[in-house]
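Please read the structure below before turning to the comments.
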Amino acid sequence: MDIEFLKTSILEFVQNHKSYAPFVLGLMTFAESLAFVSLLLPTMTILIAVGFVLAAADIPFWQAWAGAVCGAFLGNWLSYEIGQRYKKTAYELWPLSRNPKLIARGEAFFQRFGPWAVFLGRFFGPIRAVIALIAGIFLMPQVLFQAANLASASVWAFIILAPGAGLAHYVLW
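Pasting the structure below:
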C-alpha cells in the first residue's frame, strides 16, 4: 500500500468531517480518563498522532483542544462520582479486581499528594485510570476535585495535542 495514498485518504476524510473533530476527540479523551475503560483502551499514543492530522486538515487547534478538555474533564468526573457512590466495592470490579498493585499505587499516590494527586495523576498512565475513582472513594471535597480536574484536563489536552499540531507544519509541508 502506498503511504502517500494512505496519508491523502486520511486527510481528505478528516477535512470532509472536520466539524466532528472536537466531538471525536472528546470521546477519545473521555475514554482515556474514565476509570476501568482507560485500562482497556490506551489511546494516549493515538491522541498524540491526532495532533498531526488535525493540523494537516486545518482544524483550529483551540477547537480540538476544547473537545479534548471536555472529554477528559467529564471522564474523570464520572470516575469520581462512581468512587463516591460505590466506595471500595468499585475495587471488586474487573479490571481493578485483577490489578491490586494498581489500586495500592493509586491510593499511596493520593495519600501522599492529596488534591495535587488528581492534577498530577492525569499525567501518569496507569494512575490516570484510578486516581479520580480513589478521590471519590476517599470523599475528596467536590470543589477541590473539580478545580484539580479542570486544571489538569486543560494542561494535559494541550500537552498531548500541541506536539503533533506544532510539528505538523514542519513535517507535512
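Going by numbering that gives the first Met the number 0, the first residue of the sequence shown is number 0, and it counts up by one from there. All C-beta atoms in this analysis are idealised placements derived from N, C-alpha and C, irrespective of residue type, glycine included.
Note the first and the last residue of the continuous alpha helix (DSSP H) segment covering E80.
Residues F60 to Y85.
Pick from Q145, V52 and G105: whose alpha carbon is nearest that of A14?
A quick correction: the sequence has Gln, not Ala, at residue 14. The residue with the shortest Cα to Cα distance from Q14 is V52.
In the structure shown, what three-state DSSP assignment does R104 receive?
Helix, per DSSP.
In three-state terms, what does DSSP make of L119?
Here L119 sits in helix by DSSP.
Do three or more CB pairs link the region 65–73 to the region 145–155 at distances below 8 Å?
Counting Cβ pairs under 8 Å, three or more are found: they touch.
Rounded to whole angstroms, what is the Cα-Cα separation between R104 and F112?
About 12 Å.
Give a yes or no on whether the C-beta atoms belonging to L132 and S96 are separated by under 7 Å.
Not closer than 7 Å, so no.
In chain order, what residues of the same chain lie with their CB nearer than 7 Å to the CB of W155, ignoring the 5 residues before and after it?
Excluding residues within five positions, the ones whose Cβ falls inside 7 Å are A71, R121 and F122.
In three-state DSSP terms, what is N98?
Reduced to three states, the DSSP call for N98 is coil.
Out of curiosity, what's the CA-to-CA distance linking W172 and A164?
Low confidence applies here, because W172 scores a pLDDT of 48, under 50, leaving its location unreliable; read the following figure in that light. Cα to Cα, W172 sits roughly 12 Å from A164.
G124 lies in the alpha helix (DSSP H); which residues open and close that run?
Residues G124 to R127.
Between Q110, E106 and L143, which lies nearest to I128 when the distance is taken from Cα to Cα?
Residue identity check: residue 128 is Ala in the sequence provided, not Ile. If we check each option's Cα against that of A128, E106 comes out closest.
Tell me the rounded alpha-carbon separation between K86 and T28.
Cα to Cα, K86 sits roughly 24 Å from T28.
Can you tell me where the alpha helix (DSSP H) holding M261 begins and where it ends?
As displayed, the chain neither begins before 0 nor continues past 172, which places residue 261 out of reach and without an answer.
Does DSSP put A56 in a helix, a strand or coil?
Residue state, collapsed to three classes: coil.
For S153, which residues in the same chain have their Cβ closer than 6 Å to its Cβ, ignoring the five residues on either side in sequence?
Same-chain partners within the cutoff: V68.
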